[in-house]
Amino acid sequence: MQNRWGPTRVGPFGLLQPAADGVKFLFKEDLTPPHVYKPLYIAAPMIAVIFAVTSIAVIPFGNALTIRGVQIPLQITDLNIGLLVVLGITSLGVYGVALSGWSSNSKYSLLGGLRASAQMVSYEIALGLSLVGVLILAGTFSLREIVQAQSGHFWGFIPNWYVFRGGQIVAFFIYLTAAYAETNRIPFDLPEAETELVAGYHTEYSAMKFAMFFMAEYANMITVACLASLLFLGGWSGPLFGPQWMQEILPILWFALRIFVFLFIYIWVRGTLPRFRYDQLMAFGWKFLLPIAIANLMITAIVVALKP
Amino acid sequence: MVPLSYYLVLSGILFACGVAGFLIKRNIITVFMSIELMLNGVNLSFVAFAARWQQLSGQVFVFFVMVVAAAEAAVGLAIIIAVFRTRETLNIDQVNLLKL
Amino acid sequence: MLHLILFSVFGVICVAGAVNLLVQRHPINSALSLVVVMGALAVEFLLLGAEFVAAIQVIVYAGAVMVLFVFVIMLLNAGEEERTSGSKVAYLIGIPGALAGTVIVCWALLQHANAGSAAIGALPGHPRDIALLLFHQFLMPFEVTSILVLIAIMGAVVLAARPESTQRSRKED
Amino acid sequence: MTPDLHLWLIPLLPLAGAAINGLLGKRFSRHVVASVALIFCGAAFAMALWIAAKFSSLTLPHVESMTAWLRSGTFIIDYSFALDQLSLVMLLIVTGVGFLIHIYSVGYMWEEGGYYRFFSYLNLFMFFMLTLVLASNYLLMFVGWEGVGLASYLLIGFFFLRDSAAAAGKKAFIVNRIGDFGFLIALFLIIKHFGSLDFQTVFAAVQPYAPETTGIGFLTAIALLLMLGACGKSAQIPLYVWLPDAMEGPTPVSALIHAATMVTAGVYMVARSHIIFERAPSALMVVAIIGTLTAFFAATIGIAQTDIKKVLAYSTVSQLGYMFMACGVAAFSAGIFHLMTHAFFKGLLFLAAGSVIHAVGGEQDMQKMGGLRKHIPVTFWTMTIATIAIAGIPPFAGFFSKDEILWRAYQTSWIYWLVGVFTAFLTSFYMFRLLFMTFFGEYRGAAGSEHGHEEHAGHGTHLGRDATHTDSRAGAPAPQKHGHGHGGIHESPWIMLGPLVVLALLSIVGGWVGIHNRFANFLSPVFVANAKAAVTFEGAAATPGGEAGLETKLMVISVAAALLGFLLAYFLYNRRPELPARIAASLHGLYSTVAHKYWIDELYAWLFVKPLIAVSGIVFWRGIDQGVIDATLNGSAGGARDLSDEVRHMQSGNLRSYAGWIAIGAAAVIAYMVWVGLRAQ
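Line by line, the protein sequences give chains A, B, C and D.
Numbering (the numbering used here) for the first sequence: 400 to 707.
Numbering (the numbering used here) for the second sequence: 6 to 105.
Numbering (the numbering used here) for the third sequence: -15 to 157.
Numbering (the numbering used here) for the fourth sequence: 658 to 1338.
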């Protein structure tokens, strides 16, 4: 772990630093370099952030909250095909990266965009396939039902999470790896590898447009963490205690805790692992993750089929 | 309630746009996209007919069309890359060696 | 009524996207218009109840196939379309033919088809039902398609791979 | 419910061997090739024995149908195999003799190129022959029939580098085609009249017909056409010319295909179709006449031949004539009996001849042999046994079967008998002539012998390995071991002698099964209709005891004829070897006519081949092919070219133009469909 200390000037322990950064971005001069293809140059960060944020729409945060007799489902909309929608919308996020790279009319950006699109399309397959094992076990696409299928314990104390069941721990790690690649995080951050491509696809961006890419990236990280929690770690389940209102609130806390852990791992990995080479990245995705994911899928399917 | 023929007409228009694209576009990639557009139009008619006859097989067929389209896109784009590599052009009017 | 409004709105978006595909001269704009068309079509599918198809439409078409297109456009650095006129036939015969065909079909559909009408979600296509169809009634076509895809993958790899001669010379460098 | 015997396995085993050797044999060593061939062939033989062991428990005929082959309306052909007494006998002969000859070939062909090819062909032949024998319908039989023809063609032309071998292969194939043509038309006639090719169905349908004693009906036509096919396959007049030439093939092939099995397929087919023949007396008469004539005619040619294998070839033709004579007088079981004994002794003769040829280094001319008795005793003794057997001297195998035939022939007409006996005399004469010329007297060969004697000591290890004759025959340059290669006259290795001995035993005892008509009784269920038909046809076929004395008399006469032949041969070729030349000189014209096989080949060439070539050249090639067909085609092609020259401008190579044409076409189709649809409403 060799991460530097962050700036500590703003607020206690520098906690307000993100807010300060945001304000700073808003007020910086919004440069538009010459020779860029303007419509897409402007649209690209929007696309990125829009899709990143939209995909959270179908993710449930907990059971319905009952406040003064009014039931508030902790989810914007519950779809039968919730998981597919998440996957679909995240898959559209590629456009933001790819288009920004192309429209910047800069070789670094273009290379970054190319890398990003190839990488994200490739790893999306492994990502999707790693989830299918869980889907076979749960038998539904609805995220809420998947979470409900994970309630309870087996052997008395181990929670019924899919990460512990049916060998899906393999799928979990495939998912985690592919998710890092999907969100362009270290060790798969080749689209923005600063040692090779200056800053990759967002080299030519500044001010709030630049910030939007980062918003999109972190939003995607949170989405991915949400999905991991929901599919593998039992969603918002956890010990409930205390008075009524606390029992209402606690699931949200448990869910947030899981996401926090995932985000922590993100940063942890960033500090630990070096970056892949591009051909290694592709070979890893196609020749290692994908076969394992398919094998996991086959085995799970056979086990489920043979189980009476 | 929307008459299903509206859906079919929409599908027809999309298909016609695809045909027109094939006829007037010069860029191979765009021509290829026109084909995808046609396939999409057909997909819509499949789904509409599925609703008309209350038969899910119509929707299953959309699935097949998509798979074929994806395969076709992969091969087609590979061909386009190969063509570009040898002829250094994407203009379909200049890729016309297939004649007597 | 809501159905009609939604249908019209997204139908118009569809057609607008398709026309934009034709009008735009830069392939990347065409590609993005096509993505819009596909997204709007997905909504039309949803209106007819085909939720699974809609999701797949977004994932496969918009998320994968079109990304591939964009990728190739970027890779080949395809520029503005040249306005060459290589084919008189396409304009003199093709366009009128396509127009005539479309008009005839649309006329026949609007005037003489009794296709009935559909409410929102006319035929719910749950993934489970579709899967049952796919893996029972359509198992054979499904397997055949999978072989097709396999062949397509291999074909794409072979076609897009650099010719061996250049590969070798690159290694020697 | 009879047990499932898996009859299909029997033909398929050799096929598997053929496939393995044919596809992979090139990489195998000779040992592997030989063992593969032997294993699969031996397995078929073992299976045949197993079936024979279970035979008594079967309900006959035992038909096993694999799967449908052709289904066209009511016309159904299955892949089905049938087993009855007749096919069991054939099965045992084919697999047994075939297996022995396989063993023999391992040694005989050891030094040849294309070893794997040879065994692949040989196994292929076994497959087709077994298909032929086991088939339960005419079409499957025809498959085997054509297949053995193919295998025969391949094996005759095995040394394809020699022109004569290739030509002989072609000749055999083409002459056979003429016969097959007849067979095929017969099949068409059968389909037309009975709507089936299945043996049981057809025969059941034929059963009610009365013999066509007056006039010639379709049964006679079918029978004659079948006979034409049999003539081709079994080398009968007028289609026998291919068989002597077929001796170009390796000797084991001559033994297996052109003596023991394939050429008897015609006899088998006639016997199998006996119900049809019995109802066509005039066809039967034709069969008998052809058989008798062939027997006599070929025997006379055999007298003057000097090539050891040619003598045997004409002898085969002659013996086949006997079999047809038997069939012609409705003594089918006698024919099959002779077929069996003939398979033993003629196979043995050929193998022994091969051993002789092997011994003298590839020489086939008997005039250059002589005195071999001392050098190759085993071969000599086995060959002597075979010669006695074929001459018809009791108690050897040939006596029983030939006597049976002659007896039955006599019952029909004494002319057949007379010719038959005279032929027996000739047979005995030329066979002993062969024996004396080859094994007695002084060695008349080249000087190679003394050369060989010098190296006699070290020779034993090279037994069978130095068959340089085969190299020279294959047109390949002689190998470097030429020095000691030509070697002396030496006995063949035991892998070749073993089969000789087994066959010699069979040649001795093989005929004993015919004592007291046991063989005929065994086959009688197959020829059960025989007796009835024979009654109507002949009047008094059922042998009453009173005729036994006559039978004995005839037997004595035929044995006497054989002994006479032996004595004459002994006198001419052992006592007074200079005499034959003088006789030949005094009978100059007759002798050369016989020696040149009555100029039949030349006659055929002048009568058929030349006119055919001329007619083909002038009428078909110049006239029809060039004048009509080519002119029409070229004319239309030219027209098409001119037209397309105009239209090709549509083919601009521009994709968008193509799309334009498609669009307008699609619009037209859509318009038409909408119009039709609306009109229907």
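Glycine residues also receive a C-beta, built at the ideal position from the N, C-alpha and C atoms.
Grab me the residues of residue i's own chain with a C-beta within less than 8 Å of its C-beta, minus the 5 sequence neighbours each way, in chain order.
{"i": "residue 36 of chain B", "result": "26, 27, 30 and 97"}
{"i": "residue 1201 of chain D", "result": "With a pLDDT of only 46 at residue 1201 of chain D, under 50, the local geometry of the prediction cannot be trusted, and no value is derived from it."}
{"i": "residue 869 of chain D", "result": "876, 877, 936, 937, 938 and 939"}
{"i": "residue 536 of chain A", "result": "548, 561, 564, 565, 567, 699 and 703"}
Select from the options the residue whose C-alpha is nearest the C-alpha of residue i.
{"i": "residue 605 of chain A", "options": "A:476, A:427, A:693 and A:516", "result": "A:427"}
{"i": "residue 713 of chain D", "options": "D:745, D:685 and D:988", "result": "D:745"}
{"i": "residue 651 of chain A", "options": "A:532, A:464 and A:437", "result": "A:464"}
{"i": "residue 1328 of chain D", "options": "C:24, C:82, C:-14 and C:35", "result": "C:82"}
{"i": "residue 852 of chain D", "options": "D:796, D:834 and D:825", "result": "D:796"}
{"i": "residue 493 of chain A", "options": "C:60, C:-15, C:129 and C:46", "result": "C:46"}
{"i": "residue 49 of chain B", "options": "C:88, C:-9, C:95 and C:80", "result": "C:-9"}
{"i": "residue 422 of chain A", "options": "A:607, A:615, A:680 and A:698", "result": "A:607"}
{"i": "residue 736 of chain D", "options": "D:1072, D:902 and D:791", "result": "D:791"}
{"i": "residue 14 of chain B", "options": "C:94, C:6 and C:103", "result": "C:94"}
{"i": "residue 933 of chain D", "options": "D:866, D:980, D:954 and D:956", "result": "D:866"}
{"i": "residue 748 of chain D", "options": "D:689, D:681 and D:666", "result": "D:666"}
{"i": "residue 663 of chain D", "options": "D:675, D:723 and D:682", "result": "D:723"}
Counting only Cβ pairs nearer than 8 Å, list the residues of chain D close to residue i.
{"i": "residue 101 of chain B", "result": "1309, 1310, 1311 and 1312"}
{"i": "residue 85 of chain C", "result": "1320, 1323, 1324, 1327 and 1328"}
Between which residues of its own chain and residue i is the CB-CB distance below 7 Å, once the five residues before and five after are set aside?
{"i": "residue 700 of chain D", "result": "670"}
{"i": "residue 800 of chain D", "result": "788"}
{"i": "residue 479 of chain A", "result": "540 and 541"}
{"i": "residue 702 of chain D", "result": "752, 753 and 756"}
Does DSSP put residue i in a helix, in a strand, or in coil?
{"i": "residue 918 of chain D", "result": "coil"}
{"i": "residue 617 of chain A", "result": "helix"}
{"i": "residue 1211 of chain D", "result": "helix"}
{"i": "residue 1 of chain C", "result": "helix"}
{"i": "residue 516 of chain A", "result": "helix"}
{"i": "residue 1079 of chain D", "result": "helix"}
{"i": "residue 1069 of chain D", "result": "helix"}
{"i": "residue 773 of chain D", "result": "helix"}
{"i": "residue 1175 of chain D", "result": "helix"}
{"i": "residue 720 of chain D", "result": "strand"}
{"i": "residue 1339 of chain D", "result": "Residue 1339 of chain D lies beyond the range of chain D shown here (658 to 1338); nothing can be said about it."}
Listing by chain order, which chain B residues have their CB less than 8 Å from the CB of residue i?
{"i": "residue 1317 of chain D", "result": "28"}
Who are the neighbours of residue i on chain D, taking C-beta pairs under 7 Å?
{"i": "residue 80 of chain B", "result": "Neighbours of residue 80 of chain B on chain D: none; closest Cβ ~16 Å, over 7 Å."}
If the cut is a Cβ gap below 9 Å, which residues of chain D does residue i touch?
{"i": "residue 97 of chain B", "result": "1311, 1312 and 1313"}
{"i": "residue 24 of chain B", "result": "1316, 1319, 1320 and 1323"}
Residues in the same chain with beta-carbon distance under 6 Å from residue i, minus the five sequence neighbours each way, listed in chain order, please.
{"i": "residue 16 of chain B", "result": "46, 49 and 50"}
{"i": "residue 1104 of chain D", "result": "With a pLDDT of 46 at residue 1104 of chain D, under the threshold of 50, the predicted position of this residue should be treated as unreliable, though the coordinate-derived value follows. Within the same chain, residue 1104 of chain D has no close Cβ partners at all."}
{"i": "residue 1183 of chain D", "result": "741, 742 and 743"}
{"i": "residue 440 of chain A", "result": "502"}
{"i": "residue 57 of chain B", "result": "9"}
In chain C, which residues lie with their C-beta within 9 Å of the C-beta of residue i?
{"i": "residue 813 of chain D", "result": "By Cβ distance, chain C contributes nothing, its closest Cβ being about 47 Å from residue 813 of chain D, past 9 Å."}
So which residues of chain B does residue i contact, with C-beta pairs closer than 7 Å?
{"i": "residue 125 of chain C", "result": "69"}
{"i": "residue 109 of chain C", "result": "61 and 64"}
Counting only Cβ pairs nearer than 8 Å, list the residues of chain A close to residue i.
{"i": "residue 58 of chain C", "result": "497, 500, 501, 509, 512, 513 and 516"}
At 9 Å on the CB atoms, spell out the chain A contacts of residue i, in chain order.
{"i": "residue 12 of chain C", "result": "436, 439, 498, 501 and 502"}
Closer than 8 Å by beta-carbon distance: list the chain C residues that pair up with residue i, in chain order.
{"i": "residue 583 of chain A", "result": "What residue 583 of chain A touches in chain C: nothing, since even the nearest Cβ is about 15 Å away."}
Worksheet item: Taking contact to mean at least 3 C-beta pairs separated by less than 8 Å, is the stretch 1040 to 1054 of chain D in contact with the stretch 1082 to 1092 of chain D?
Response: yes
Item to complete: Answer yes if the stretch 655 to 662 of chain A comes into contact with the stretch 619 to 635 of chain A, meaning at least three C-beta pairs across the two stretches below 8 Å, and no otherwise.
Response: yes
Discussion item. Across the stretch 569 to 578 of chain A and the stretch 502 to 512 of chain A, are there enough close Cβ pairs to call them in contact, namely three or more that are closer than 8 Å?
Written reply: no
Discussion item. Whether or not the stretch 895 to 904 of chain D and the stretch 843 to 860 of chain D are in contact is what I'm after, with contact meaning three or more pairs of Cβ atoms, one per stretch, closer than 8 Å; do they touch?
Written reply: Fewer than three pairs of CB atoms, one per stretch, sit closer than 8 Å, so the stretch 843 to 860 of chain D makes no contact with the stretch 895 to 904 of chain D.
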